[in-house]
Structures are given as structure tokens and as C-alpha cells.
Amino acid sequence: MRGRNISLIALAIAALAIFLAIGLFIFTTTRKTDPSPTPQPLQIQNQGLPTDNTEITYPTEVGPDWEVYANTKYGYSIKYPPNWATIINVTPTSSQETLDNATSLDIFDSAAQKSYPDGVMTISILDVVPNPPSGWSQTEANINGSTARKFVGEDQGLHMETYLIPQNQGVLQIEVRFAPGDQIQETFAAMLQTFQPTK
Numbered sequence: 076m077r078g079r080n081i082s083l084i085a086l087a088i089a090a091l092a093i094f095l096a097i098g099l100f101i102f103t104t105t106r107k108t109d110p111s112p113t114p115q116p117l118q119i120q121n122q123g124l125p126t127d128n129t130e131i132t133y134p135t136e137v138g139p140d141w142e143v144y145a146n147t148k149y150g151y152s153i154k155y156p157p158n159w160a161t162i163i164n165v166t167p168t169s170s171q172e173t174l175d176n177a178t179s180l181d182i183f184d185s186a187a188q189k190s191y192p193d194g195v196m197t198i199s200i201l202d203v204v205p206n207p208p209s210g211w212s213q214t215e216a217n218i219n220g221s222t223a224r225k226f227v228g229e230d231q232g233l234h235m236e237t238y239l240i241p242q243n244q245g246v247l248q249i250e251v252r253f254a255p256g257d258q259i260q261e262t263f264a265a266m267l268q269t270f271q272p273t274k
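Basically the numbering used here = 1-based index in the sequence shown + 75.
(1) Distance, Cα to Cα, Ser169 vs Thr178?
(2) Just how far apart, CA to CA, sit Gln231 and Tyr191?
(3) For Asn176, I'd like the list of residues in its chain whose CB is within less than 8 angstroms of its CB, leaving aside the five on either flank, ordered along the chain.
(4) Comparing alpha-carbon positions, which option in Gln268, Ser199, Ala254, Val227 lies nearest Gly245?
(5) With 16 as the cutoff for other CB atoms within 10 Å, does Ile153 come out buried or exposed?
(6) Three-state secondary structure (DSSP) at Ala254?
(7) For Val195, count neighbouring C-beta atoms within 10 Å of its own C-beta (all shown protein chains included) and say buried if the count is 16 or more, exposed if not.
(8) Measure the C-alpha to C-alpha separation of Pro272 and Thr222 and round it to an integer number of angstroms.
(9) Mind checking whether Ile218 and Leu180 have CB atoms under 9 angstroms apart?
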């Protein structure tokens, strides 16, 4: 009886060993012939927009393809690069305004993959001359024949330049803001030199 038990145990161990050997064989041959797929890099179609590591270049001189923004209500015009955008800012009267009679608007590079407040020109008509923040420098500037008070400072890490030009209907404020050292500064300087009072 005891010998029979030993035989059964030996038989069970042999069966288990054969089962494990077959399982190991199947496992190793399956891995060799059917490997799991290697992750492939995501394919992104380039749509002509700059990537994060592509330096954005901005025009430094006015080109023949530049657009003209003209405000018929407040009597001024200014040029800006092609593919840039103009948008009315929300004001108490903006719901009754169109682009050509906007009290306040932004001009910015709509194609750049960056937040436009990092590079934007804002033009507004004000009733009174604002006081610049303390610590900002003040000089006089010539904007294409128009005399302006110029204030320069920084706000939340951005370089700020504000130009105040007296108009018949109030004060025209042109404000540009951009990251310090950004080439867009030269584009804004070229845009300012296209400013024209039309009344």
C-alpha cells in the first residue's frame, strides 16, 4: 500500500513537470514568433504652424502685403502684418460697435502658437489721460509725425509701452506688450510708424 502511494506521488510529480515544461515551451515560442507591438511615435501632420522648438520670426519692416486697419469714428489708421488678427475688446459700448468704429481693439499674431497677450497691440480711445503705474519711465515720442507721451515699464513679466496721443474726441492710447527681448518688438515699432490720423 505504501509503495502504491509513493508511485502515485511520483506519477503526479512527473505529470506536473511535463505540464510545466509544455507551458514553458509554449510561452517562449509564442514570445519569439508573436512579440508585442513596439510603441510607435505619434505621427502629427504639420499644418504649417510653428512647433514649440521653432523660433517664430516677425517682420521688422512694413511690407507691401501688410493690412490696413482704419477707424472711421475716431479717425486713424495703422498697418499690421498679413495673417494677424484684429478683435474688438469688450467695453460698455462694444455691443453696438463694428470693427471700423471700435473704442478699443487688439491687433496680434493669430498664427503663432503662443498666447496672444504675450505679444499684442491694444488701441483704445480714452476720455481722460490715465496715470501710468509708479516707477514707469516717461518720455516724448514721435509716432509718424504725431507727438505722444510714452511710458515704459513691466507688468507680470511682460515689457509694456504705452503711447498717449491727444485726439479731438479724447486721448488715443496705443499699448504694446510682449516678452522682454522678443523680436515682435521690432514689428510693433514698424507698425507704430504707419499710424496716421485721418481727421
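Ideal Cβ placement from N, Cα and C applies to all residues, glycine included.
Quick answer:
(1) Going from the Cα of Ser169 to the Cα of Thr178 covers about 7 angstroms.
(2) Across the structure, Gln231 and Tyr191 are spaced so that their CA atoms are roughly 15 angstroms apart.
(3) Excluding positions up to five away in sequence, the list reads Asn146, Thr147, Lys148, Tyr149.
(4) Per the Cα distances, Ser199.
(5) Under this definition Ile153 is a buried residue.
(6) If DSSP states are grouped into helix, strand and coil, Ala254 belongs with coil.
(7) Looking at its Cβ environment, which holds 16 or more other Cβ atoms inside 10 Å, Val195 is buried.
(8) Taking the straight line from one Cα to the other gives about 12 angstroms.
(9) Using a Cβ distance threshold of 9 angstroms, Ile218 and Leu180 do not count as a contacting pair.
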